[in-house]
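Shown next, in structure tokens, is the structure this report addresses.
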Amino acid sequence: MKTQSVASDEALIERARGGNSSAFGELVRRHSSRVYGMSFKVLKNREDAEDNLQNAFCKAYGKIQQFEGKSQFSTWLMRIAINEALMMLRKRRSEGTVSAAGDWETEDQESKGSFRDLHADPERQCLTKELAALALETLHPTLKDTFMLQIGEGWTSRELAQALEVTKETVKSRMFRARATMRQHLETISKRESMALPS
Numbered sequence: 178m179k180t181q182s183v184a185s186d187e188a189l190i191e192r193a194r195g196g197n198s199s200a201f202g203e204l205v206r207r208h209s210s211r212v213y214g215m216s217f218k219v220l221k222n223r224e225d226a227e228d229n230l231q232n233a234f235c236k237a238y239g240k241i242q243q244f245e246g247k248s249q250f251s252t253w254l255m256r257i258a259i260n261e262a263l264m265m266l267r268k269r270r271s272e273g274t275v276s277a278a279g280d281w282e283t284e285d286q287e288s289k290g291s292f293r294d295l296h297a298d299p300e301r302q303c304l305t306k307e308l309a310a311l312a313l314e315t316l317h318p319t320l321k322d323t324f325m326l327q328i329g330e331g332w333t334s335r336e337l338a339q340a341l342e343v344t345k346e347t348v349k350s351r352m353f354r355a356r357a358t359m360r361q362h363l364e365t366i367s368k369r370e371s372m373a374l375p376s
């Protein structure tokens with residue numbers, strides 16, 4: 178019992194891959210508090226956070242053979258949990274993704290107002306949000322999750338860095354790349370629309 182309690186994550190993972198459920202149970206006990214904390218922060222609801230905790234560990238158990246050890250197990254697990262939480266958030270709040278995407282430019286002081294017209298008619302505002310949501314879907318999952326948590330859920334760079342086990346500079350870099358990718362996508366659409374207009 179004592180040996181198992183001090184076993185490394187790597188040793189427990191190897192046992193779990195071999196079908197040792199108690200080894201995976203130890204991984205659950207070791208990381209559940211952090212996963213629950215992140216889940217509650219995203220979902221803001223105790224029941225949903227508990228459901229997400231179970232979903233994340235169920236998925237991790239099913240994919241344990243795919244874990245290659247290139248990152249910390251906790252990082253891999255948190256990524257699964259974040260994905261599950263964001264999926265639950267989208268289901269619970271069907272327009273949440275569009276809303277967050279539609280407001281993304283408010284965080285970008287360098288290009289504030291580039292794609293948003295505060296005096297636009299409702300139809301134009303709706304279209305802008307839809308385009309922004311489509312641009313969000315073009316992002317790499319890592320960039321998309323970081324963007325959604327910071328812009329959509331209000332996480333700080335420090336909180337994201339702690340949750341994802343990266344530096345604040347990495348978080349800022351991901352946010353910069355996410356905005357640049359979305360901006361480029363929107364500019365491409367804009368040029369395409371302009372070229373399609375009859376002269």
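Just so you know, we're using our numbering here: the sequence shown kicks off at 178 and counts up by one. Virtual Cβ for every residue (Gly too), placed ideally from N, Cα, C.
Helix, strand or coil for Trp253, going by three-state DSSP, please let me know.
In this structure, Trp253 counts as helix in the three-state DSSP scheme.
Kindly list the residues whose CB is nearer than 6 Å to the CB of Glu261, restricted to its own chain and excluding five residues on each side of it in sequence; keep chain order.
Counting only Cβ-Cβ distances below 6 Å, and skipping sequence neighbours, we find Asn229, Asn232, Ala233.
For Ala310, which option in Met359, Ala188, Met264, Ala340 has the closest C-alpha, if you only look at C-alpha atoms?
Selected option, being the one with the closest Cα: Met359.
Quick one, which of Gln339, Gln243, Ala258, Ala312 has its alpha-carbon nearest Thr167's?
Residue 167 is absent from the structure shown; the chain starts at 178 and stops at 376.
Residues in its own chain within less than 8 Å of Ser209 by CB, not counting five upstream and five downstream?
These residues qualify, in order along the chain: Leu230, Phe234.
Please classify Gly195 as buried or exposed, where buried requires at least 16 other C-beta atoms within 10 Å of its C-beta.
Per the 10 Å Cβ criterion, exposed.
Is DSSP giving Glu261 helix, strand or coil here?
Reduced to three states, the DSSP call for Glu261 is helix.
Is the beta carbon of Arg351 closer than 8 Å to that of Leu320?
Yes, they are a contact pair.
Leaving out the 5 sequence neighbours to the left and right, which residues in its chain are closer than 8 Å to Leu363 when beta-carbon positions are compared?
Phe292, Leu308, Ala309, Ala312.
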